[in-house]
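K.L.:
After the structure tokens below, expect a handful of questions from me.
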Amino acid sequence: MSWKDEIEEKRRREALAEQMGGEERVGRQKAAGKLTVRERVDALLDPGSFHEIGKIAGKGDYGADNQLASFRPSPFVVGRGVIEGRPVVVQADDFTIRGGAGDAAIWQKLVFAEQMANEYRMPLIRLVDGTGGGGSVKMLEKDPRTYIPQTPGWEWVVANMAASPVVALALGPCAGLGAGRVAASHYSVMVQGLSQVFVAGPPVAKAIGEDVDKEGLGGAEINGKNGVVDDIVATEAEAFAAARRFLSYLPASVHTLAPRTMPNDPPSRRDETLIKVVPRDRRVPYKMRRIVEACVDSGAFFETGRQWGRGLITGFARLNGFSVAVLAGDPMFLAGAWTADVCRKLIK
134 MSWKDEIEEK
144 RRREALAEQM
154 GGEERVGRQK
164 AAGKLTVRER
174 VDALLDPGSF
184 HEIGKIAGKG
194 DYGADNQLAS
204 FRPSPFVVGR
214 GVIEGRPVVV
224 QADDFTIRGG
234 AGDAAIWQKL
244 VFAEQMANEY
254 RMPLIRLVDG
264 TGGGGSVKML
274 EKDPRTYIPQ
284 TPGWEWVVAN
294 MAASPVVALA
304 LGPCAGLGAG
314 RVAASHYSVM
324 VQGLSQVFVA
334 GPPVAKAIGE
344 DVDKEGLGGA
354 EINGKNGVVD
364 DIVATEAEAF
374 AAARRFLSYL
384 PASVHTLAPR
394 TMPNDPPSRR
404 DETLIKVVPR
414 DRRVPYKMRR
424 IVEACVDSGA
434 FFETGRQWGR
444 GLITGFARLN
454 GFSVAVLAGD
464 PMFLAGAWTA
474 DVCRKLIK
């Protein structure tokens, strides 16, 4: 007895899953200047390292002959991959399939990814684009309930914040649960003009008398200044590069040490500008970033949260190849005064 027919059927369903939301919706994604979910995963990870899990999870319709007539894959791509030789877990939203709404979702895939990162002690990267498995009007018509107060799998989201590095890249309009998945991370990035983060979109705002577009409601400029996200970049490629660099400073989990890089900056280096960079007059501000860059390995300083809490400079760097965190007051902004935003930034 051969399993050839079953294997061929599985391969056929995998091919259907790779079509995502179909040619028309993929075309719309491209026209909006966005990569597809699978292009994003490939761009983020080391080449050829992605091992997808649950590829054929989805919803199908069967004909009278009990054969699959149509198939709609889950709007989440989940799996393991490698970044700079280190294993990571990836969960990525496919906006071409009903914007990631809950009525299209196999939400267990999202929960599985969160749980896998926790149990395998691996960093988790979320590529968020859409509602992230949240509800929709169509879903409410079928199942009149809410995720609140209990959200499936949220306990793993919380647990991961104390276990492994969590990165969230907002790569499109992120509403509801999608916005929550962006905020519940150690490092979050938005793409200028491409992504927005809000609890609910402009139609909901209009229903309560506010006429505002997506950028005005939750664009990168707003969320960068209020601290919802840590960094703003110009392109998706820059977002992937930022995620890779952020993870390079951190261990895989709280159970290991951060990797050491071989420094190309000799420990004996002296920066003579340090002797005069701080003015004698206390009323004259000076550039703290210049001091930070002079004290750490050359080119190693990676700043985060530059747009908000500007009285405090935060980020990561290396000293003789070892990772360190950096906190430095910035006299160039309000004389380095610690505002409420600065205090929140310090805690984060």
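Numbering (the working numbering), first residue to last: 134 to 481.
No residue lacks a Cβ here, since even glycine has one placed at the ideal position from N, Cα and C.
All figures in this text were calculated on a predicted structure; none of them were measured in a lab.
1. Excluding the five sequence neighbours on either side, which residues of its own chain have a C-beta within less than 7 Å of the C-beta of ASN397, listed in chain order?
2. What does the alpha-carbon distance come out to for the pair ILE408 and THR394?
3. Just how far apart, CA to CA, sit VAL411 and GLY469?
4. Per DSSP, GLU436 is paired with what?
5. State buried or exposed for TYR382, treating a residue as buried only when at least 16 other CB atoms are found within 10 Å of its CB.
6. Helix, strand or coil: which one does DSSP assign to GLU141?
7. Taking three-plus beta-carbon pairs below 8 Å as touching, is the segment 176-191 in contact with the segment 211-222?
8. Compare the C-alpha of GLU317 against each of VAL366, VAL332, VAL290 and PRO256 and name the closest.
9. Go ahead and label VAL387 buried or exposed: buried means 16 or more other beta carbons lie within 10 angstroms of its beta carbon, across all protein chains shown.
10. So, for GLY342: in the same chain, excluding its five sequence neighbours on each side, which residues have a beta-carbon less than 8 Å away from its beta-carbon?
11. Take the Cβ of ARG378 as the centre, count every other Cβ of all protein chains shown within 10 Å, and call the residue buried at 16 or more, exposed below.
12. In three-state terms, what does DSSP make of VAL475?
13. Using the Cα positions of GLU288 and LYS358, report the straight-line distance between them to the nearest angstrom.
14. Around the C-beta of GLY193, are 16 or more other C-beta atoms found within 10 angstroms, so that it is buried, or is it exposed?
15. Give me whichever residues DSSP pairs with GLN200 in a beta bridge.
16. Within its chain, find whatever has a CB closer than 7 Å to the CB of LYS188; leave out the 5 residues flanking it on each side and keep chain order.
17. For ALA225 and VAL170, which I take to be in contact (beta-carbon distance under 8 Å), what is that distance rounded to the nearest angstrom?
18. Work out the CA separation of PHE449 and PHE435 for me, nearest whole Å.
19. Might you give, ordered along the chain, the residues of its own chain that have their beta carbon closer than 6 Å to the beta carbon of SER182, omitting 5 neighbours on each side?
20. On the three-state DSSP scale, how would you describe PHE209?
21. Please look up how many angstroms separate the CB atoms of GLY305 and GLY263, rounded, as I've assumed it's under 8 Å.
P.N.:
So, from the data block:
1. none
2. 29 Å
3. 14 Å
4. GLY448
5. buried
6. helix
7. yes
8. In the sequence under discussion, the amino acid at residue 317 is Ala, which differs from the Glu named in the question. Here the closest residue by C-alpha is VAL290.
9. exposed
10. none
11. exposed
12. helix
13. 29 Å
14. exposed
15. Beta-bridge pairing links GLN200 to no other residue.
16. GLU147 and ALA150
17. 5 Å
18. 5 Å
19. GLY214 and VAL215
20. strand
21. 6 Å
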